[in-house]
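Numbered per our numbering, the sequence shown finishes at 693, counting up by one with no gaps.
Yeah, the Cβ is synthetic: ideal placement off N, Cα and C, and Gly gets one too.
Given the structure is predicted, the values throughout are model-derived calculations rather than measurements.
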Amino acid sequence: MLFSIGIALMIILVAGFWTYQGLFSAAIMFFECVVSALIAFGFYEPLNGLWGSALGGGIGRPLALAVLFLVPLTIMKYATDRFITANIRLNPIADRAVAGVFGLLTSLLLVGTALVGVQMLPIGSEVFGYDRLAVDPDGTVTQKNLLLKPDNFAVSIANIASSGSMSNGSPLATAQPDMLMSLYGARAAVQTEDTHEVPPDCLKVNAYWETRQIDTVTQKLEGATLSRNFETKEVSGGKLLVFNITLAPNAGVKDKGETYFRLPQFRLIGPTPELSRTQHVHLACGASDLYVNRNHAWHQIQEGQPSRLVRFDPTTKFLLCGNTWKTPPEAGKGYKFDIAFEVPDDFEPWYIAYKNGARYEINKAKMFKQAPPKSASVALGNTGPGQSAKLDKPKPKPGQDATGGVGKAPGGATHVADAKAVYVSTKLPVPVFKGESLVSQSLKGGKLGECNFAVEFDAKLDKADEVKNFDVPEGKKLVFLDADKNQALSMYGKALNFASNTLLQITLTTDKGEIYFAQGFYAVAKQGGQTWVEIQYHPEADVPERCISKAKKVTNAALQSTPKDVRRFGYIFVVDPGVHIVTFASGGTGGKQTVDIEVP
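Below, the structure written as structure tokens:
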């Protein structure tokens, strides 16, 4: 919403500027913008063809649009300023009023073209917090537009102009049907580092058929169990076209053997019933049940699971690789599954597009089936495969009261740390020498209390000289979370990493929404040729979210330079007994990591 408001304010400011310039200047600028927009929208694809493969990463199209818009506009603006030196004198009120109209149109076109270029970037479905599709609480998917719709305006101007005498038989609406929705689908990637540009031959349509039933799914992670409930629903006011497709291995991330996608990246294109020359884009709304999740107990597609046809939220992320299928497809043949589109009853498909680059023409005579084939995914209701799974927890080790499962790490250098293991205990992760002055000052009844020290590690420490346990506040439990510290490499990543460390947004969250901040950390690493143990522990801090200070010896750099078999790092949390902890977060933009531990 803030982005939309900001865009609206920008439009108003630009319109106000050209209103102040007067009718003649505003009108000239508007027509210059129109000509520049026509050039940009008409030729950005051919220009991208010259440099797109060299630039890579989906940058070629937006760059081509920007160059073809800005260069002609700059030349025309310079020429008019250079050779049209006089103005037209009109009644001031009329001049400002009409200039305001041209100023608004100019600002809509300027800002709108820029926004279209931004939406061509490989940045995921959201553009600075704005997402074109919204999922209502009841599961209904609705389309949202920016205030004043500047991007729609820019595309509409190009569509109108290219459909007339300048169309040359190829109007923009035919070459780029429903352009903004197509752009949304192409960039609605699982992650920004995913493949946005795919080879033309990576997609194949094997057959298609009609149906009116599809399952909806609700999912809930309860402790160690993921529950999935299905309900069969009829499509009202239309039909479902279901396509059996094959995605070739070259559709995935290069050299990884993994294919990521979200359903909106599949688009079905065909004519609207009213105007056969106008094409409409339908985003995929359902698919074979290919749901897997590395963050909890659904790591693999279960036996028979793809036989169910499911309507998924457009933000659902899908991963295809050898590890997700119990019986992976034969090498080189790709993955075969069904994709569903909700369309009007009289809709006839022309082709399917996938991400940027792949499209497959539909031949009804050869591909259409009067009834779903035996291998088709169909609605199964609240029966059949794919309904529950349990997250296995490791057994507690000696000295641990309980241990829990840990989901896949969000990763990313702006996420301060990734959890490796989580457990409940009173024991120090690394014993320290109680005769060390810094340690002895922190002892409370032979146990380690409030402390902040770094001491040399002694591998040959006599057991009688070890401090083994923490002093735990009455009525509390200690949760230890072993982690890997991430290292920011870019300046942007370093800035966010520094902010996350400084703010110490290191938290565990329970299933009831209770938040516990880290109240200590432990670390082992080499520094100056010596192995150091550093422990901070603030069991009764007045402000838990601010109690941890900067590391003395075992810094992030020291951890990164120490071999994995030597270093150790983790956080200490003081929690209430009986709580169920479900997520770990350490600031930055990396998101939350699933954990699962019942604190005794």
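T288 places its beta carbon 9 Å or farther from that of D308. Rounded to whole angstroms, A390 and G498 show a C-alpha spacing of 10 Å. Below 8 Å, enough C-beta pairs join the stretch 183-203 and the stretch 115-124 to call them touching: three or more.
P407 counts as buried, since no fewer than 16 other beta carbons sit within 10 angstroms of its beta carbon. Straight-line measurement puts the Cα of S118 at about 14 Å from the Cα of V127. Counting the other CB atoms within 10 Å of its CB gives A644 a total of 16 or more, which places it among the buried residues.
T624 is bridged by DSSP to K619.
At least 9 Å separates the beta-carbon of V328 from that of Y301. Rounded to the nearest angstrom, the gap between the Cα atoms of F573 and L531 is 22 Å. DSSP lists no bridge partner for I152. Here E633 is exposed: its Cβ has fewer than 16 other Cβ atoms, across all protein chains shown, within 10 Å. A Cβ-Cβ contact shorter than 9 Å links L116 with V191.
In this structure the stretch 172-191 does not lie against the stretch 234-254, because fewer than three pairs of beta carbons, one per stretch, are closer than 8 Å. If you look at I338, you'll find it in the beta strand (DSSP E) that goes 332-340. A straight-line Cα-Cα distance of about 10 Å links G379 and R401.
Pairing D669 with G542 gives a Cβ-Cβ distance that is not under 9 Å. Under DSSP, the beta-bridge partners assigned to C544 are Y630. Distance from the CA of L412 to the CA of V565, rounded to the nearest whole angstrom, comes to 43 Å. In this model, D244 and K332 are separated by some 30 Å (Cα to Cα). Under the three-pair Cβ rule at 8 Å, the stretch 470-482 does not count as touching the stretch 549-558. The beta carbons of T417 and I432 sit no closer together than 9 Å. Spatial neighbours of R404 in its own chain (CB-CB distance under 6 Å, excluding positions within 5 residues in sequence) are listed in chain order as I307, T309, C378, G379. For Q236, the three-state secondary structure derived from DSSP is strand.
In this model, S218 and G196 are separated by some 31 Å (Cα to Cα). Here V659 is exposed: its Cβ has fewer than 16 other Cβ atoms, across all protein chains shown, within 10 Å.
When the Cα atoms are used, A207 and G345 turn out to be separated by approximately 30 Å. Between the stretch 353-366 and the stretch 432-452 there are three or more C-beta pairs closer than 8 Å, enough to call the two in contact. G492 and L521 have their C-alpha atoms some 10 Å from each other. For the pair L265 and S255, the CB atoms are nearer than the 9 Å cut-off. Taken through DSSP and simplified to helix, strand or coil, I216 comes out as coil. In this structure the stretch 137-147 does not touch the stretch 97-114; the number of beta carbon pairs closer than 8 Å is below three.
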